[in-house]
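A short worksheet on the structure shown next.
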Amino acid sequence: MLKRLKLAILNSQIKRSIFRVGIPNTDRKRVLIVLGNVFLHLHPTKVRTSAVKLRYTWCAGGLSFFLFLVLTLTGVLLMFYYRPTVEGAYPDMLDMRSAVPFGIMRELHRWTAHAMVIMVMVHMFRVFMTGSYKPPREFNWCVGVILLVLTFLLSFTGYLLPWDQLAIWAITVGSNMARATPLVGAGGPFSDFLQVGGVPLIHPGDDARFFLLGAREIGGTTLLRFYVLHCVAIPVVAGFLMAVHFWRVRKDTISGPL
Amino acid sequence: METKPVTSGQISPREAAIRRLKAQGVLDTDGRPMPRRRFLMNLALAWTAFAAATGSALAALFAFMVPRVDFTKTEVFKVGQPANFPPRTVDESFKASRRIWIVNDGSRIFAVSAVCTHLGCTPNWMENERKFKCPCHGSGFTMQGINFEGPAPTPLRRYEVTLADDGQIVVNKGRQFLHEKGEFDDPKSYIAV
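As you go down the protein sequences, you meet chains S and B in turn. The first sequence begins at 0 in numbering that gives the first Met the number 0 and counts up by one. The second sequence begins at 0 in numbering that gives the first Met the number 0 and counts up by one.
So, in structure tokens, the structure goes:
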């Protein structure tokens, strides 16, 4: 009776359409299951026990990814109660503490963000100290450097969203740096060269800072711009590069202790 | 069982493996594997913990989606003195801002909801024909809000009206009165003139 039920389940269209292979009782079937599963295939088929020692990796990369997942989850939840508008942002941020269950959600997002920046740098330090950036892993080091920059940009764009004095002046200072960008910043070096018949091509109405703020000064356009970058654009790029990063870790294998 | 003689200071690979498994807890101190009962107990415990963690996380997620404060504006407001609403007239001055009409049918003043009971459009008051007419599907209502033509299934709803200390009429959209429940004779639903 039980045996017939078991066979009926194993041979059912649903079971076969999801898992493709039957009972994994041979090495070939086990490999096929790992290859055919989107979650399992990301993990290396072979990991040296010496290379996953906590003493060696500090699990810093894994913890960075875990913090990213926590930030994604809490961030999506915060999006339900936050309006990226000049009138709505600050009151919404305050209301998240008391008018919404789990007022700790925003703090969770904030502290996790700080922790992620620290953890990514710890991960980079570990990779540097163990020499794991050396060939054949030099490409993954470069991907990691871009991911570090994206982490900083996520932190920077998220800083404006509370829309309090600290946020506005921090972004004022940060975006003023864009003014000094060579060639494309209105106050930067070499931007004077870009002119046609005495008319400057780069001026405060079209330079790098204007591109960042969506206006000549910080305002509603900046808030909306940073919100979209923070919630959609940068996380999508970072997620894509993370997939590449993890894939390369699998393909190049984790470096072992010396 | 045959065991190789062990020279002092050296351990056989088999002995080393047993010691390692003992250290990992796979074998107990006597070298026996974990009893089946204990394995099943551990398995049940692990799955219970996992289910509890997942369940409470989902419950918390659900709780987070229910805000503690409703920021909808309070729908209690004054509309003016009863004398401002002459007998047998429909006042449309609050239709755009509050979506109500103040109707004086000659014996009572009441607040009529400007929401068609068919599919929620806003009807118009046709002064020449003395009726409310919905532009969406042609439902018609009398001055009292009683449906008499078109698809609307019930009369227009009414809101609570009371008199404030200064004599003004106060409309409370938080409480509505339905004709089909026989609530139009409720003293809170009208002001006698």
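No residue lacks a Cβ here, since even glycine has one placed at the ideal position from N, Cα and C.
| Asked | Found |
| --- | --- |
| Cut-off 7 Å between Cβ atoms - residues of its own chain near F209/S, not counting five sequence neighbours on either side | P203 and R215 |
| Between the CA atoms of L155/B and V102/B - distance to the nearest angstrom | 12 Å |
| Residues near L146/S by beta carbon distance below 8 Å, same chain, minus five either side | V119, A237, L240, M241 and H244 |
| Test: F225/S CB closer than 7 Å to a CB of chain B | no |
| Residue range of the beta strand (DSSP E) that includes I201/S | Counting along the chain, I201/S falls outside any beta strand (DSSP E), and DSSP gives it neither H nor E. |
| Cβ pair count under 8 Å reaching 3, the segment 59-79 of chain S against the segment 106-118 of chain S | yes |
| V46/S beta carbon less than 7 Å from that of L39/S | no |
| With 16 other Cβ atoms within 10 Å as the buried cut-off, status of F140/B | buried |
| Nearest neighbour of D104/B, chosen from I17/B, R19/B, I190/B and A16/B [CA to CA] | I190/B |
| Backbone CA spacing between F70/B and C120/B [nearest angstrom] | 24 Å |
| Neighbouring residues, chain C, relative to L76/S (Cβ below 7 Å) | In the structure shown, chain C cannot be found, because the protein chains are S and B. |
| Where L222/S falls, given that 16 or more other Cβ within 10 Å makes a residue buried | buried |
| Rounded separation between Y158/B and W100/B - CA only | 10 Å |
| Close beta carbons around K172/B, own chain, < 6 Å, minus the five adjacent residues each side | E74 and Y158 |
| Status (buried if at least 16 other CB within 10 Å, exposed otherwise) for G137/B | exposed |
| Beta-carbon neighbours of M104/S, restricted to chain B and to distances below 9 Å | F63 |
| Continuous alpha helix (DSSP H) stretch holding Y158/S: start and end | E137 to L159 |
| Segments of 3+ residues assigned as beta strand (DSSP E) that fall wholly inside the segment 102-148 of chain B | 107-112, 123-125, 130-132 and 146-148 |
| Counted within 10 angstroms of its Cβ, other Cβ atoms place S131/S as buried (16 or more) or exposed | buried |
| Simplified DSSP state of Y226/S, which is helix, strand or coil | helix |
| CA-to-CA distance, K14/S to L31/S, given in whole angstroms | 15 Å |
| Chain S contact for V200/B (CB, 7 Å cutoff) | Because chain B spans 0 through 192 in this model, residue 200/B falls outside it and cannot be assessed. |
| Under 8 Å from the C-beta of F269/S: neighbouring residues of chain B | No information on residue 269/S is available, as it lies outside the stretch 0 to 257 that chain S covers here. |
| Neighbour-count burial assignment, A113/B, 16 or more Cβ in a 10 Å radius | buried |
| Neighbour flag for P83/S against chain B, beta carbons, 7 Å | no |
| Coarse secondary structure for G79/B, derived from DSSP in three states | strand |
| Interfacial residues, the segment 99-130 of chain S to chain B, with Cβ spacing under 8 Å | V99, P100, F101 and M104 |
| Straight-line Cα distance separating D206/S from A62/B | 46 Å |
| Sequence ranges, beta strand (DSSP E) only - wholly within the segment 167-191 of chain B, length at least 3 | 168-176 |
| Coarse secondary structure for E14/B, derived from DSSP in three states | helix |
| Span separating the alpha-carbon of R247/S from that of M115/S | 21 Å |
| Boundaries of the beta strand (DSSP E) in which D90/B is found, first to last residue | T88 to D90 |
| V248/S: first and last residue of the uninterrupted alpha helix (DSSP H) it sits in | I233 to D251 |
| Residue range of the alpha helix (DSSP H) that includes E106/S | I103 to M128 |
| Interface residues of chain B facing F65/S [CB-CB closer than 9 Å] | Within chain B, no residue comes near F65/S; the closest Cβ sits about 15 Å away, beyond 9 Å. |
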